[in-house]
Amino acid sequence: MQKNRFETIVHQYKDSIYSYAYYFSGSPENAEDLTQGVLLKIWQGLDRLRMEPARSWVMKITRNHCIDWFRSQRPKDRASVPLAEQDHPSEPGVYSAERDVQRMELRETILRAISRLPEKLRSLIILREIEDMKYEEISHALDMPLNSVKASIHRGRRLLREHLSSLYEREYQGR
Amino acid sequence: MTLPPRCEEVHERLEAYVDGDLSPESAQKLEDHIFVCDECREHLDLARQIAGELKTLPAKTCPDHVVEAALQHAAGSRDSFAARAGAWLRGLRYPLSPRLSFGTAAVILAVIGLLTILPVTHKKKDPPRYSREEVVHAQQVIVVAFGYVDHATALSQEIIEKENVSAKILKPIRKGLRSANPFDKKGDKS
């Protein structure tokens, strides 16, 4: 019975967990290890699932596991977290080649910038923007006031913008 | 580069503006500023670009071997005791079959009976409060006390018979009582 529930949850949320871990850690290898760890925790804590919605519960475990992992890393490893986008094929026929390249560059820059955000803001950005969770859902999952969730997500995006803006400024001055 | 206060305020609110989370008044003020400030307009464009790009970041697909490893782990594990107990309890829903009801009731009654009887049959004896020496000493004191009462009674009887109580009679009585009393340390002093 437990095993059937576990199997259902694994198949339903494996990609969400893996995506979160991927964008949080910045590498497929780390994402695989983190996903394994999260699935193990889900299996161990399956009895508590009836108390809250499955998605909130799963993403809360994922977020906590990733933050614990990040904090256990040595500072020099944290700084060198790689975030190479190898498997993002461009959308054919929509953009001109030049715009496509620009967009890919922007996306890569954003991804690198995400991996350098403070871990709490990073978590919120991933949950909202990549996992497409509603503010209310995040608030419930992380036990945070709704306004704090919104303000933190805006702050995270503002940090991304300031980072990109300073990069562009440096690039402009370098020419 | 230090921004003038107005621009800083706008910069802080750009993401909320892009998400439509500002009040109509605040949004209008921000738009008024954007209209005249090139730098803030560039920042607004960038905020929109970032919001757009974040929405299009692709979800990743979990490799099969990760899922298989997790499912194998679960298959090789026994369910936890809590899980098995929970499953058993959930199975005990009304209506039960008469035989199962009788069996369950018998088991419950047997457990309750055992829990009630066990404390009686296994009642621990209290440890002795006094040592053997203390008990023997107490017995001796009681014997002396009875002897004292007996002696006093005999003397009283004698006094009553004579009806004429004088100091000459009382003095030796007191002396006798004192000598009979094992707790009177004054002894024969009078």
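Same order as they appear, the protein sequences are chains A and B.
For the first sequence, counting from 1, position 67 maps to 1161 in the numbering used here; every step adds exactly one.
For the second sequence, counting from 1, position 162 maps to 1356 in the numbering used here; every step adds exactly one.
We put the CB at the ideal spot given by N, CA and C, even for glycine.
Are the beta-carbon atoms of A:L1211 and A:S1246 separated by less than 8 Å?
Their beta carbons are not under 8 Å apart, which means A:L1211 does not touch A:S1246 by this criterion.
Between which two residues does the alpha helix (DSSP H) carrying A:R1149 extend?
From DSSP, the alpha helix (DSSP H) with A:R1149 extends over 1148 to 1166.
What did DSSP end up calling B:A1253 once you bin it into helix, strand or coil?
B:A1253 falls in the coil class under three-state DSSP.
For A:E1123, does the count of other Cβ atoms within 10 angstroms reach 16, so buried, or fall short, so exposed?
A:E1123 is exposed by the Cβ-count criterion.
In angstroms, rounded to a whole number, what distance separates the CA positions of B:G1220 and B:A1245?
A quick correction: the sequence has Ser, not Gly, at residue 1220 of chain B. Rounded to the nearest angstrom, the two C-alpha atoms are 20 Å apart.
Using a C-beta to C-beta distance shorter than 9 Å, which residues of chain B count as neighbours of A:F1100?
What A:F1100 touches in chain B: A1264, L1265, A1268.
Going straight from the alpha carbon of A:L1143 to that of A:W1151, what length do you get?
The straight-line gap from Cα to Cα measures roughly 7 Å.
Could you confirm whether any beta carbon from chain A is found closer than 8 Å to the beta carbon of B:C1201?
Judged by the 8 Å Cβ criterion, B:C1201 is not in contact with chain A.
Since B:V1329 meets chain A, which of its residues come closer than 8 Å, beta carbon to beta carbon?
Result: empty, since nearest Cβ-Cβ is about 59 Å, beyond 8 Å.
Could you tell me the alpha carbon to alpha carbon distance between B:E1327 and B:R1372, rounded to whole angstroms?
Rounded to whole angstroms, B:E1327 to B:R1372 spans 26 Å at the Cα level.
Distance, Cα to Cα, A:Y1229 vs A:L1254?
Those two C-alpha atoms are separated by around 19 Å.
Residues of chain B with CB closer than 8 Å to the CB of A:K1214, please, in chain order.
The contacting residues do not exist; A:K1214 stays about 16 Å from chain B at best.
Let me make sure I understand the geometry here. Which of B:V1204, B:G1214, B:E1247 has the alpha-carbon closest to that of B:F1229?
The shortest Cα separation from B:F1229 among B:V1204, B:G1214, B:E1247 belongs to B:V1204.
Quick one: give me the first and last residue of the alpha helix (DSSP H) that A:P1239 is part of.
No alpha helix (DSSP H) contains A:P1239, which DSSP labels as neither H nor E.
Examine chain B for any beta-carbon lying closer than 8 Å to the beta-carbon of A:R1264, and answer yes or no.
With 8 Å as the cut-off, A:R1264 does not count as an interface residue toward chain B.
Could you say which of B:Q1222, B:D1215, B:Q1243, B:D1213 lies nearest to A:L1258 if we only look at CA atoms?
Residue B:Q1243 is the option with its Cα nearest to A:L1258.
Taking a contact to mean a Cβ-Cβ separation below 8 Å, would you say B:V1261 touches A:K1108 in this structure?
Yes.
Can you determine whether any heavy atom of the ligand MG sits closer than 7 Å to the C-beta of B:L1248, and answer yes or no?
Annotation note on the ligand MG: not contained in the displayed structure, which lists no ligands.
Excluding the 5 residues preceding and the 5 following A:L1177 in the sequence, name in chain order all residues of the same chain whose CB lies nearer than 7 Å to its CB.
Unreliable placement is indicated for A:L1177, whose pLDDT of 38 sits below 50; no coordinate value is reported for it.
Could you check the C-alpha separation between A:V1243 and A:S1233 for me, to the nearest Å?
If I take the Cα positions, the gap works out to 6 Å.
Would a check of beta-carbon distances place A:K1108 closer than 8 Å to chain B?
At least one chain B Cβ lies under 8 Å of A:K1108.
On the criterion of 16 or more Cβ atoms from any shown chain inside 10 Å, does B:G1307 qualify as buried, or is it exposed?
Counting Cβ neighbours within 10 Å, B:G1307 comes out exposed, since fewer than 16 surround it.
Take A:Y1112 and list the residues in its own chain whose beta-carbon comes closer than 7 Å to its own, dropping the five residues that flank it on each side.
Excluding residues within five positions, the ones whose Cβ falls inside 7 Å are A1125, T1129.
Please tell me whether A:K1135 and A:I1161 are closer than 8 Å, where the distance is taken between their beta carbons.
No, they are not a contact pair.
Identify each residue in the region 1226 to 1253 of chain B for which the Cβ-Cβ distance to at least one residue of chain A is less than 9 Å, and report them in chain order.
The region 1226 to 1253 of chain B vs chain A, Cβ under 9 Å: E1236, H1237, L1240, A1241, Q1243, I1244, A1245, E1247, L1248, K1249, T1250, L1251, P1252, A1253.
Tell me, please, whether the CB atom of B:V1204 is closer than 8 Å to any CB atom in chain A?
Closer than 8 Å: no.
Which of the residues in the region 1230 to 1255 of chain A, read from start to end, lie with their CB under 9 Å from any CB of chain B?
So the list reads K1244, A1245, I1247, H1248, R1249, G1250, R1251, R1252, L1254, R1255, given in the order they occur along the chain.
At what residue ranges does the region 1190 to 1239 of chain A contain a whole run of the alpha helix (DSSP H), taking only runs of 4 or more?
Fully enclosed alpha helix (DSSP H) runs of 4 or longer: 1191 to 1209, 1213 to 1219, 1229 to 1236.
Any C-beta of chain A sitting closer than 8 Å to the C-beta of B:P1218?
Taking Cβ atoms only, chain A never reaches closer than 8 Å to B:P1218, which makes this a no.
Between the Cα of A:R1222 and those of B:V1329, B:D1213, B:L1265, B:G1370, spot the shortest distance and give me the residue it belongs to.
Of B:V1329, B:D1213, B:L1265, B:G1370, the residue nearest in Cα terms is B:D1213.
Taking the alpha-carbon of A:E1231 as reference, which of A:I1103, A:F1118, A:R1099, A:P1147 has the nearest alpha-carbon?
Out of A:I1103, A:F1118, A:R1099, A:P1147, A:P1147 has the C-alpha closest to the C-alpha of A:E1231.
Give the interface partners of A:S1121 over in chain B, defined as CB-CB distance under 8 Å, in chain order.
Within chain B, no residue comes near A:S1121; the closest Cβ sits about 12 Å away, beyond 8 Å.
So, is A:S1110 buried or exposed, given that buried needs 16 or more other C-beta atoms within 10 angstroms?
Answer is buried; the Cβ neighbour count reaches 16.
Could you work out which residues of chain B lie near A:T1156, taking near to mean beta carbons separated by less than 7 Å?
Correct list: empty, because the minimum Cβ distance to chain B is about 12 Å.
At what residues does the alpha helix (DSSP H) containing A:L1133 begin and finish?
Element bounds for A:L1133: 1122 to 1138.
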